[in-house]
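Numbers 18 to 293, taken from the numbering used here, label the letters of the sequence shown in order.
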Amino acid sequence: MKNTVTSLQKQKIEGDKITMLTCYDYSMAKLMDEVGINMLLIGDSLGQVILGYEDTLSVTMDDIIHHTRAVSRGASNAFVLADLPFMSYQTSIYDSVLNAGRLMKEGRANGVKLEGGVKICPQIQAIVDASIPVCAHIGLTPQSVNAFGGFKVQGKTEQAARQLIEDAKAVEAAGAFMVVLEGVPAKLAEIVSQEINIPTIGIGASASCDGQVLVYQDMLAIFSDFKPKFVKQFANVGEIMKDAFQDYITEVKEGSFPGKEHTFTISDEVIDKLYG
Ligand code: KIV
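What follows is the structure in structure tokens.
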């Protein structure tokens, strides 16, 4: 069954946790879809884990569209959510609708995600008015890394905690169907999840959220530049891959790969004719 804004909302009501992983290509989308992941996020984290930038700021609309197209082709049932990259929606309401539309039309996404709370509500409202589902992302919003002075947990003071609750309520009122809470203290994430009616998806925000998201390279230990505290490595796929690459190098060098079973035959007659 295809995951939709209504099925995801139903999951919150029924207390059935929503699962989301980042995804950037077709093969991975198929694997995740086959095991029943509810949502695939083409996050601008691709700037770091795919493109090797130190943050998400240089990611372009074309980058996200390129990867969203690939993921959409591999996702039969998962809801495909695509990130609006830095400066694709902050600049104006017009830009936000135009670029959200491109993610839907060219990327074949089912919805878009943008960072910000109260301040970005005019954009959320306009995108929703264009019949595009919007997921807001509040708390530690990576596109604001320079304004925050680093990747820091948000909402720790009374004022910041109040602001976070206000942001969550504002994005819900503006029409967002979901909100990602990143880098938020556990108790505060619990309060927000209770105070709003749309699902909350946590990343570094505790199990009290209505669902969870992780960057798949983090959960599989494929990305090794840094490991945030909130990441659990579910498998050490990075090591398994390195072992396989090492075996490949060894077998190519010693001539044991490719073996007979990996090669194609030609009749001796044809070969004889070449030299006859
Ligand atoms: O870009 C991304 O992958 C994200 C998740 C970390 C929520 O926004």
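The beta-carbon is built from N, C-alpha and C at its ideal position, and this holds for glycine as well. Computed from a prediction, not measured in an experiment: that's the story for all the values here.
Going by DSSP, which residues form a beta bridge with residue i?
i	result
C152	K130, M195
G276	BP columns for G276 are empty, so no partner.
F96	M56
I218	V197, G228
I35	G228
Do the CB positions of residue i and residue j come within less than 8 Å of each other?
i	j	result
L68	M195	no
N55	F103	no
T36	G60	no
H154	L131	yes
Q140	I110	yes
A193	V151	yes
S89	G118	no
L74	Q160	yes
A92	A147	no
E207	G156	no
I144	S113	yes
G133	T108	no
N94	N20	yes
V248	D264	no
I266	G255	no
P245	G221	yes
P202	G172	yes
E183	V129	no
Quick check: does the Cβ of residue i come within less than 7 Å of any heavy atom belonging to ligand 1?
i	result
D61	yes
D100	yes
V232	yes
T39	yes
T298	In the structure as shown, the chain begins at 18 and stops at 293. Residue 298 is therefore absent and cannot be evaluated.
H154	yes
S197	What sits at residue 197 in the sequence shown is Val, not Ser. Yes, since a heavy atom of ligand 1 falls inside the 7 Å radius drawn around the Cβ of V197.
I283	no
L295	The shown model of the chain, from 18 to 293, leaves out residue 295, and the question about it has no answer.
I257	no
I220	yes
Query raised in the report: Is the stretch 47 to 54 touching the stretch 77 to 86, taking contact as three or more C-beta pairs under 8 Å?
Result: Counting Cβ pairs under 8 Å, fewer than three are found: no touch.
Query raised in the report: What residue ranges within the stretch 227 to 268 form continuous alpha helix (DSSP H) runs of no fewer than 4 residues, ordered along the chain?
Result: You should have 233 to 236.
Requested in this report: Taking 8 Å as the threshold, find out whether the stretch 256 to 268 comes into contact with the stretch 224 to 231 through three or more Cβ pairs.
Outcome: A contact between stretches requires three or more CB pairs, one per stretch, nearer than 8 Å, and the stretch 256 to 268 fails this requirement with the stretch 224 to 231.
Report task. Please specify which runs of the alpha helix (DSSP H), each continuous and at least 4 residues long, are wholly inside the stretch 142 to 190, giving them in chain order. Result -> Whole alpha helix (DSSP H) segments, 4+ residues: 162 to 165.
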